[in-house]
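Engineer: For the record, the sequence lines run as chains X and E. In terms of my numbering, the first sequence opens at residue 733 and continues consecutively. In terms of my numbering, the second sequence opens at residue 733 and continues consecutively. From the three backbone atoms N, C-alpha and C, an ideal C-beta is built for every residue, glycine too.
There are 2 protein chains.
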Amino acid sequence: MHRQVEPIPLQQVKISDPFWNHYLELIRKEVLPYQWRALNDLIPDAAKSHAIANLQIAGGQAEGEFHGFVFQDSDVYKWLEAVGYSLATHPDPGLEALADQVVEIIAKAQQPDGYINSYFTIAKPQERWTNLRDCHELYCAGHFFEAAAAYYQATGKAKVLEIACKFADYLVEVFGTNPGQIPGYPGHEEVELALIKLYQVTNDERYLKLSKFFIDQRGQEPHYFAVEAEKRGEIRRHAPPWSDHSYHQAHKPVREHTSAEGHAVRAMYLYAGVADIAYYTQDRELLETCLKVWDNITRRRMYITGGIGSSAHAEAFSFDYDLPNERAYNETCASIGLFFFAHRMLKLAQDSKFADVMELALYNGALSGISLDGKRFFYVNPLEVWPEACEKRNDHRHVKPTRQPWFGCACCPPNIARLLASLAGYIYTKVDDSELFTHLYIGGTAELTLKGQRLAITQESGFPWDGTVKLILNTASDLDFTLALRIPAWCQNPSITVNGEPIDIKSGFEHGYVKIQRTWSNNDRVELEFPMQVALITANPKVRANRGKVALTRGPLVYCLEEADNGDNLHNLIINPDGRFEVKYKQPLMNKITIITAEGRRELDNWGDVLYKANTEPDTEPVTLTFIPYYSWANRETGEMLVWVRKQ
Amino acid sequence: MHRQVEPIPLQQVKISDPFWNHYLELIRKEVLPYQWRALNDLIPDAAKSHAIANLQIAGGQAEGEFHGFVFQDSDVYKWLEAVGYSLATHPDPGLEALADQVVEIIAKAQQPDGYINSYFTIAKPQERWTNLRDCHELYCAGHFFEAAAAYYQATGKAKVLEIACKFADYLVEVFGTNPGQIPGYPGHEEVELALIKLYQVTNDERYLKLSKFFIDQRGQEPHYFAVEAEKRGEIRRHAPPWSDHSYHQAHKPVREHTSAEGHAVRAMYLYAGVADIAYYTQDRELLETCLKVWDNITRRRMYITGGIGSSAHAEAFSFDYDLPNERAYNETCASIGLFFFAHRMLKLAQDSKFADVMELALYNGALSGISLDGKRFFYVNPLEVWPEACEKRNDHRHVKPTRQPWFGCACCPPNIARLLASLAGYIYTKVDDSELFTHLYIGGTAELTLKGQRLAITQESGFPWDGTVKLILNTASDLDFTLALRIPAWCQNPSITVNGEPIDIKSGFEHGYVKIQRTWSNNDRVELEFPMQVALITANPKVRANRGKVALTRGPLVYCLEEADNGDNLHNLIINPDGRFEVKYKQPLMNKITIITAEGRRELDNWGDVLYKANTEPDTEPVTLTFIPYYSWANRETGEMLVWVRKQ
């Protein structure tokens, strides 16, 4: 039987949380204005974006040539989408006025048939849809659809949705297997999940069908990318490593996928869309595909930070258990994509394994992409950094030891902005109008209706610093429903009380959630205690990079050593797994964070100029190791960083 | 005071040694004939060489176009050089007839002015000497000079030397700082050391001076490579990483060099030439340069195998202590070059640190380049191999887990052939006609004159399997001289007897050699015992790749684990440093080799499909580790290999 699963949308959830307020303010007050200036080429030190200018030129509002990547438009859309999310909970007339300007610019850039893409409109008007594999037209369309849905939902202004639907209607005509239609699909997935958002807003099933069409066509023979390449007369002197189309997840039909291959962000966007289609069309085969790929990622190809994509080359998944720490790619956008995929999986199955990974990717692999002041970013998120190697070794060239203001290919900064701005929409899910799931412990208030009755929940949360959570229900009259509370996988000894009375966690435990079914009254109080112990994590014996090493976690956070606290040559530090760990709050260091100190030893660098010695043990001295949360590294001076620490 | 240092040349030394006989026979019976067929494009599975054909076309003996690299000629010269060495000790009329054919081909390819280079003669006759940086004309010239010297010394046939001198005389005219001369130097060093070989054969000081000229010009301002590039109108869209000329060791004048930079083979060939010039011209400044660079390499940039060049990109040195095991480049030719450099340093200073590295590079980093049957080769010699990563990771693309029959750029196979064929020339050195140094313990007979008197030494050696060495002197009448015997750095407790009487090693110990000065009589017998203990080697604490790991050596050999003996997942094997080691001879496995077994544990791969676990210790089982000599790996089925083993 198909369950009706409805995430409580961010319009109904207001975050008020000691940890996240800081970021949400940063997004509103720093990131979005900063990105606006970046999109308008107003930041002196940063690479020029040209993104707004391109759309203005395409709309006849300015003269000039197209500049930037073929997907440059998408930066504008991601910004607009983030603005939509931000306005949904924090009205800001100034920001809204800017966004309205952008909508006007997009409206003018739209061609009479509905098509929008500044690159093709300006530079290659005759070549529309001739290279779906590389040219990102559908990718940009997707980001616009997401933006349109978000901005419409936030403001109720119809114009942006009209523009989007006109574009989508045009796509419905262009793509398909009927004569004259294009039987292709995008090289960079995104439009699949975006069409579903448009469907959610409009209820127009044609958008759902088009999304499913793109998914079903992918990887079929004759291979569309080969056919279109031949039509273009393409000659490739050197076949790229993805000549089997796995780079684009098109190496075989999606229903036959069993592992995550190719470009990690593309893969995540694809499977997020696939999961959506599986949900809306009750397609068990696609659900099975999603589960297989999910397992492959989380059991064999994911860093402990929720980072994915262990190969810089092609920004891609490599193979099972290949997780080098210092050469990881781990694009910020890939962790964000994993978060999106996880959230869609939660609609298919209310299993905490999905929410656990959402939490993991959020607090670690994604959040590490933005500095504490919201002004600088990481595109790549390795688990070990040796600055000299980043500078001097070609195989570390992709790793930056310092955060950068903006990027030539600026996908990550706006992506993290839209994720954080929409965070409120990922906390709760209502199932079959009778169960309310809490996936993330983030303080704030949610308002919803359940069984026709208004219900409000106020959450207070100490996450990620401590595991004390309080939920207070506000309801006009008593209401019988099930409250399902995620027990984080990292928590060994949770306890829950309702109005002070302990709950038997085991009895109501199902797929990682404690289900409390009862008649709830106004002001009922649920108190959760998830003790956050320092945990020493070991990696699967097949993971070569982490032999003899452990990583420290506490609650949802992965920790790391940074040179600023521990000196250089972090590889010479050895943790004592049986030693004492102290958890301390530290205010003056960056923002308030929890640090962990541990007992250990340092192998002394007292050899002098000798490279090898026989039958000797390195001298050591006792030392206190200081760990900081992984996401907070690289906010002080440039230096080494290390997640996996030697234990002997 | 300048000491007269004369290596006993290979014409006077006949190797007869249980270990090396096998290789010398392989070179004669397999490698040289195989390479001859390869040079003539007669090997079906291998990439075509075109090398002989190119020279025939250049000489008007055939029609066609040039094929291959600009340095393709050098493969022919390296073959001819090896043939010369082989004929010096093992006459072979068939081989000599082939070599004479080659000399004729070269003679015809020589232009009227003396110039020889098939690429420029065939394809770019107008562009001679317009791109010294990239086009390898002087590199090829150098290899021809080395070949000519070797073949002339072996056969006494003057023709090849006449061709070489005509070419060298032409170079003497072309290069210099006088008007109309070219003030440049080669991008790939080689001609420097080769001109010295020509000088050694001819006593023509102009060749010595030209060599010194090339060295002194290198890296001076205005920078010759920049000047010639501008003259060519060169436009480079992407500046290569060596735009500071360090790739070519031309980032500053040679006398200012303090570290090994850039392409490792080029660097070694350069410094071998620099050391020669320092010796012949008594140039203390160049000697200091060599010592600084030597120390930088051997104390900070050399793998335990004598491999050098830790970066695949540019086949280059990277930076101090950056020695990744699985991504090492360690070109076979670079270890051979290090051997050459070390041998030249021994002329400047009779210090065993140079001979120790000669021995190390010979038995490990160089010998690993050739299979036990002499038919397949490694270009790249990493210290850790994970075949799946070699196949699937772009940053391992240079690492081949299986030996290859020949290479498109076939520098390594002929290089190892010429090294092994000339090995007899590296064993002994006579100093000031009063001291005879033994650098390498290789069985055979040397005949020389000392103080005008004929002396023969017969050496029997158990190297590299055991450290028992016997020297028997043969002299017509008593002779007063010093016998200097290297005490290998790896040997902790050597003992020496003369005619059964123990020698006090400490009293005669100087710079790593025991000097026995006495009046030697016919049939005097020196017996040396260098006990070969299994040693556990630790790397300097600054070497990140080797933390918590040890490598096993025994005598001159570095050992490794191979999957064929130990199963896969070698990273899960842990050696017990305090356990018992057993040394065994093993005949049926490949050739007769010494293997080492050690006590250890295996971390069990019993996790199932879980990637991370909290607060757990991996299960282990006791296991016997089997180590084989590093050079002998990859002679069975394809699999993993590991030098640095976890000790905990």
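Going by DSSP, which residues form a beta bridge with residue 1193 of chain E?
Structural biologist: E:1201.
Engineer: When DSSP labels each residue in this structure, what does residue 1216 of chain X get in the three-state scheme?
Structural biologist: In this structure, residue 1216 of chain X counts as strand in the three-state DSSP scheme.
Engineer: Which runs of the alpha helix (DSSP H) fall wholly inside the stretch 1045-1102 of chain E and span at least 4 residues, in chain order?
Structural biologist: You should have 1064-1080 and 1084-1092.
Engineer: What did DSSP end up calling residue 797 of chain E once you bin it into helix, strand or coil?
Structural biologist: Coil.
Engineer: Could you round the C-beta distance between residue 902 of chain E and residue 892 of chain E to whole angstroms and report it? I think they count as a contact, below 8 Å.
Structural biologist: 16 Å between Cβ atoms; not a contact.
Engineer: Is the beta carbon of residue 767 of chain X less than 8 Å from the beta carbon of residue 840 of chain X?
Structural biologist: No, the Cβ-Cβ distance between residue 767 of chain X and residue 840 of chain X is not below 8 Å.
Engineer: Apart from the five residues on each side of it in sequence, which residues of its chain come closer than 7 Å, Cβ to Cβ, to residue 1003 of chain X?
Structural biologist: Contacts found: 1022, 1025 and 1073.
Engineer: Can you give the Cα-Cα distance for residue 1143 of chain E and residue 1150 of chain E, rounded to whole angstroms?
Structural biologist: Computed Cα separation, rounded: 11 Å.
Engineer: Since residue 1228 of chain E and residue 1258 of chain E should fall inside the 8 Å C-beta cutoff, what is the C-beta to C-beta distance between them, to a whole number of angstroms?
Structural biologist: With 8 Å as the limit, residue 1228 of chain E and residue 1258 of chain E qualify as a contact, their Cβ atoms being about 7 Å apart.
Engineer: Just to make sure I have the definition right: I need the residues of chain E whose C-beta is within less than 8 Å of the C-beta of residue 1040 of chain X. Which are they?
Structural biologist: Neighbours of residue 1040 of chain X on chain E: none; closest Cβ ~12 Å, over 8 Å.
Engineer: Look at residue 1328 of chain E and residue 1362 of chain E and say whether their C-beta atoms are less than 8 Å apart.
Structural biologist: No, the pair does not count as a contact, with Cβ atoms beyond the cut-off.
Engineer: Is the beta carbon of residue 1450 of chain E less than 8 Å from the beta carbon of residue 995 of chain E?
Structural biologist: In the structure displayed, chain E extends from 733 to 1380; residue 1450 of chain E sits before or after that span and is not available.
Engineer: What residues of chain X sit near residue 1350 of chain E, judged by a beta carbon separation below 8 Å?
Structural biologist: Residues of chain X passing the Cβ test: 1270 and 1273.
Engineer: Does the Cβ-Cβ distance between residue 1063 of chain X and residue 1112 of chain X come in under 8 Å?
Structural biologist: Yes.
Engineer: Is the beta carbon of residue 852 of chain X sitting closer than 8 Å to the one on residue 930 of chain X?
Structural biologist: The answer is no: Cβ separation not under 8 Å.
Engineer: Shorter than 8 Å from the beta carbon of residue 1344 of chain E to some beta carbon of chain X?
Structural biologist: By this cut-off, residue 1344 of chain E is an interface position.
Engineer: Under DSSP, the beta strand (DSSP E) around residue 778 of chain X begins and ends at which residues?
Structural biologist: Neither: residue 778 of chain X is in no beta strand (DSSP E) and is coded neither H nor E.
Engineer: From residue 909 of chain X to residue 1172 of chain X, what does the alpha carbon distance come to, in whole angstroms?
Structural biologist: Near 42 Å, if we compare the C-alpha coordinates of residue 1172 of chain X and residue 909 of chain X.
Engineer: Could you tell me if residue 757 of chain E is buried or exposed, where buried requires 16 or more neighbouring beta carbons within 10 angstroms of its beta carbon?
Structural biologist: It is exposed - the Cβ of residue 757 of chain E has fewer than 16 other Cβ atoms within 10 Å.
Engineer: Tell me which residues share the same chain as residue 830 of chain X and place their Cβ nearer than 7 Å to its Cβ, disregarding the 5 neighbours each side in the sequence.
Structural biologist: Taken in chain order, the residues that qualify are 768.
Engineer: I'd like to know if the stretch 1261-1273 of chain E and the stretch 1342-1353 of chain X are in contact, where contact means that at least 3 CB-CB pairs between them fall below 8 Å.
Structural biologist: Contact holds: three or more Cβ-Cβ distances are below 8 Å.
Engineer: Name the residue from E:1155, E:864 and E:1123 whose alpha carbon lies nearest to the alpha carbon of residue 956 of chain E.
Structural biologist: Residue E:864 is the option with its Cα nearest to residue 956 of chain E.
Engineer: Going along chain E in order, which residues have a C-beta closer than 7 Å to the C-beta of residue 1124 of chain X?
Structural biologist: The contacting residues are 1050 and 1051.
Engineer: For residue 1036 of chain X, decide whether its Cβ has a neighbour in chain E, counting only Cβ atoms nearer than 8 Å.
Structural biologist: Chain E, which has a Cβ nearer than 8 Å to the Cβ of residue 1036 of chain X, makes this yes.
Engineer: If you count every other CB in all the chains shown that lies within 10 Å of the CB of residue 959 of chain X, and 16 or more means buried, which is it?
Structural biologist: Looking at its Cβ environment, which holds fewer than 16 other Cβ atoms inside 10 Å, residue 959 of chain X is exposed.
Engineer: Does the contact criterion of 3 or more C-beta pairs under 8 Å hold for the stretch 1117-1125 of chain X versus the stretch 1307-1318 of chain X?
Structural biologist: The stretch 1117-1125 of chain X, when compared against the stretch 1307-1318 of chain X, does not touch it at the 8 Å Cβ threshold.
Engineer: So residue 1380 of chain X contacts chain E; which residues on that side make the cut at Cβ distance below 7 Å?
Structural biologist: Simply 1280 and 1380.
Engineer: Which residues in chain C have a C-beta closer than 8 Å to the C-beta of residue 1336 of chain X? List them in chain order.
Structural biologist: This model lacks chain C altogether, as its protein chains are X and E.
Engineer: Compare the C-beta of residue 1331 of chain E against all C-beta atoms of chain X and say whether one is closer than 8 Å.
Structural biologist: Not closer than 8 Å to any Cβ of chain X, the Cβ of residue 1331 of chain E fails to qualify, so no.
Engineer: Please compile the residues from chain E whose C-beta is within a distance smaller than 8 Å of the C-beta of residue 1054 of chain X.
Structural biologist: Under the 8 Å cutoff, chain E gives 1120, 1121, 1124 and 1125.
Engineer: Give a yes or no on whether 8 Å exceeds the smallest Cβ distance from residue 1253 of chain X to chain E.
Structural biologist: Taking Cβ atoms only, chain E never reaches closer than 8 Å to residue 1253 of chain X, which makes this a no.
Engineer: Report the residue from X:1354, X:1201, X:1375 and X:1380 whose alpha carbon sits nearest the alpha carbon of residue 749 of chain X.
Structural biologist: If we check each option's Cα against that of residue 749 of chain X, X:1201 comes out closest.
Engineer: From the DSSP output, which residues share a beta bridge with residue 1206 of chain E?
Structural biologist: Its beta-bridge partners are E:1188.
Engineer: Return the bridge partner residues of residue 1261 of chain E from the DSSP annotation.
Structural biologist: DSSP lists E:1200 and E:1227 as partners of residue 1261 of chain E.
Engineer: Run through the DSSP bridge pairs and tell me what residue 1169 of chain X is partnered with.
Structural biologist: Bridge partners of residue 1169 of chain X: X:1161 and X:1216.
Engineer: Terminal residues of the continuous beta strand (DSSP E) containing residue 1266 of chain E?
Structural biologist: Where residue 1266 of chain E is concerned, the enclosing beta strand (DSSP E) stretches over 1266-1271.
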